[in-house]
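A quick write-up on the structure given underneath.
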DNA sequence: CTTCTATAACCAAAATTTTCATGGTGTAAA
DNA sequence: TTTACACCATGAAAATTTTGGTTATAGAAG
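Protein chains in written order, with full-length UniProt numbering: chain A, 1 to 225; chain B, 1 to 225.
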């Protein structure tokens, strides 16, 4: 994921950059209107984090320019101004979301992810892994040309595996992803085995190879070998 | 990976401990300044999770003491204080990151992993030693192009050897790192021999040279000669 | 009411970790 | 040099933990 951070306050942009870089994203950075404008026109970003209070220009103008071009980068406004007017002005001009300072980085991340998901699944909403195709919008899964009917949990599980292909996913992570905070992590979640088993069974009935391996003591890994 | 959780609120530290233990890590725990201070001085941790609001002392002092010693444990501050000043104070004293409560456990895990990666592997997921490659995220080990399947203890042992390459590691240090304080250090841990043997066997079956030498009366050394 | 889905409970199977017994090896002192 | 002894290596078996598969039940959806 590629992100542009437009922000002049060093303490803030450093922590944002560190954070998103640490998450494995590509981050760029602009401290003023001029360099931001140049970067926006030259490159494409999955999401632009835009601070409204820039030293040499009005941040909203960047947004106007962006929208006048054909670009479709996501825009998240971050600003200390918390009046409703500012908020509406930003959203009216086509920003995807608005976050008031100060905020938690995890909050910021959640918002950015939401924007990117919304944008990406709009056009290209199919995840592919060899002969497996998953349409996340139509919630349809095919192996080769045969469709396999998955339940919701099975589907979520598959999407999670596919977006973490070739990595070991722990059972904790699976539980947190599929069941969120409702699930007490000290509970046993043996029933994950049942969902995993059902998913494997349906995939193999559809004719897929056995991509999913268990990693003893840790979790699972979805990969080629 | 060995982690120390310094936190006095039972609900929170229990879920953190459950989570990280479930991920296959060694976790220890302190509820106050005194015991935290003792553990920090006696042992080494990959990462210390430090809550600033302790009942009997100022958490930041622990950080100061740690930095004054030669230790290089990673430190992640977790705190309810979300002012920028608090944040900067912690980072100025040498903390590696700062996370504001409340947070998601997966978020915490990501931060801890990032810290450990940065410290131990130059921010890289892959550790290399001649023909040996270890991907700590995919949990995959290869010698040349052949993959060798290691168990968790073997894997941890190898990672520990590789991050202490060309140094002699004592058996005590190995035991402490792989088993933490569940293991009474007065016990004999002869079974380390077994794990070492199994690791050596699998590596040599994969075609690796015999990099691991025992150092009589001390421990082992993983190196070229 | 019927059918499908999600969770629970249970036991069997598999993998890992630890224990144990035995013999070999390095070191230092006699 | 020899000897005693602690240390290390190894193989096999026991103990423990984790996973797989079956079946049962509750609850939602149709």
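Where is the CB? At the ideal position from N, CA and C, for every residue including glycine.
Same chain only: Cβ atoms within 6 Å of residue i, ignoring 5 sequence neighbours per side
i, result
"residue 120(B)", "163"
"residue 33(B)", "54, 56, 57"
"residue 181(B)", "28"
"residue 80(A)", "101"
"residue 31(B)", "8"
"residue 161(A)", "222"
"residue 20(A)", "3, 27"
"residue 105(B)", "19"
Residue i (DSSP reduced to helix, strand or coil)
i, result
"residue 103(A)", "coil"
"residue 10(A)", "helix"
"residue 5(B)", "strand"
"residue 123(B)", "coil"
"residue 53(A)", "strand"
"residue 172(B)", "helix"
"residue 146(A)", "strand"
"residue 140(A)", "strand"
"residue 207(A)", "coil"
"residue 15(B)", "helix"
"residue 92(A)", "helix"
"residue 32(B)", "coil"
"residue 118(B)", "helix"
"residue 190(A)", "coil"
"residue 41(A)", "helix"
"residue 21(A)", "helix"
"residue 167(A)", "coil"
"residue 113(B)", "helix"
"residue 64(B)", "helix"
Contact list for residue i against chain A, beta-carbon separation under 7 Å
i, result
"residue 100(B)", "104"
"residue 107(B)", "106"
Interface partners of residue i on chain B, CB under 7 Å
i, result
"residue 167(A)", "137, 138"
Partners in chain B for residue i, counting only beta-carbon separations shorter than 8 Å
i, result
"residue 171(A)", "22"
"residue 218(A)", "23, 24, 139, 152"
"residue 116(A)", "Under the 8 Å cutoff, chain B gives no residues; its nearest Cβ is about 17 Å from residue 116(A)."
"residue 215(A)", "139"
"residue 176(A)", "104, 105, 106"
Beta bridge counterpart(s) of residue i as assigned by DSSP
i, result
"residue 213(A)", "221(A)"
"residue 74(A)", "47(A)"
"residue 133(A)", "128(A), 142(A)"
"residue 98(B)", "77(B)"
"residue 26(B)", "2(B)"
"residue 58(B)", "53(B)"
Amino acids of chain A, ordered along the chain, whose beta-carbon sits closer than 9 Å to that of residue i
i, result
"residue 158(B)", "Residues of chain A passing the Cβ test: none, with the nearest at roughly 15 Å."
Spatial neighbours of residue i in its chain, beta-carbon cut-off 8 Å, leaving aside the 5 residues before and after
i, result
"residue 154(A)", "195, 198, 199, 202"
"residue 151(B)", "198"
"residue 123(A)", "With a pLDDT of 47 at residue 123(A), under the threshold of 50, the modelled position of this residue cannot be trusted; read the value that follows with caution. There are no such residues."
"residue 157(B)", "174, 178, 195, 196, 199"
"residue 107(A)", "99"
"residue 40(B)", "4, 48, 62, 65, 66, 71, 73"
Contact check, residue i vs residue j, beta carbons under 8 Å
i, j, result
"residue 159(B)", "residue 136(B)", "yes"
"residue 142(A)", "residue 130(A)", "no"
"residue 60(A)", "residue 90(A)", "yes"
"residue 78(A)", "residue 51(A)", "yes"
"residue 111(B)", "residue 76(B)", "yes"
"residue 214(A)", "residue 166(A)", "no"
"residue 18(A)", "residue 116(A)", "no"
"residue 171(B)", "residue 191(B)", "no"
"residue 73(B)", "residue 48(B)", "yes"
"residue 206(B)", "residue 217(A)", "no"
"residue 88(B)", "residue 11(A)", "yes"
Close beta carbons around residue i, own chain, < 7 Å, minus the five adjacent residues each side
i, result
"residue 179(B)", "26"
"residue 70(A)", "none"
"residue 140(A)", "147"
"residue 13(A)", "5, 7, 29"
"residue 176(B)", "43"
"residue 208(B)", "131, 132, 143"
"residue 93(B)", "60, 63, 64, 67"
"residue 212(A)", "161, 200, 220, 222"
"residue 36(A)", "6, 30, 62"
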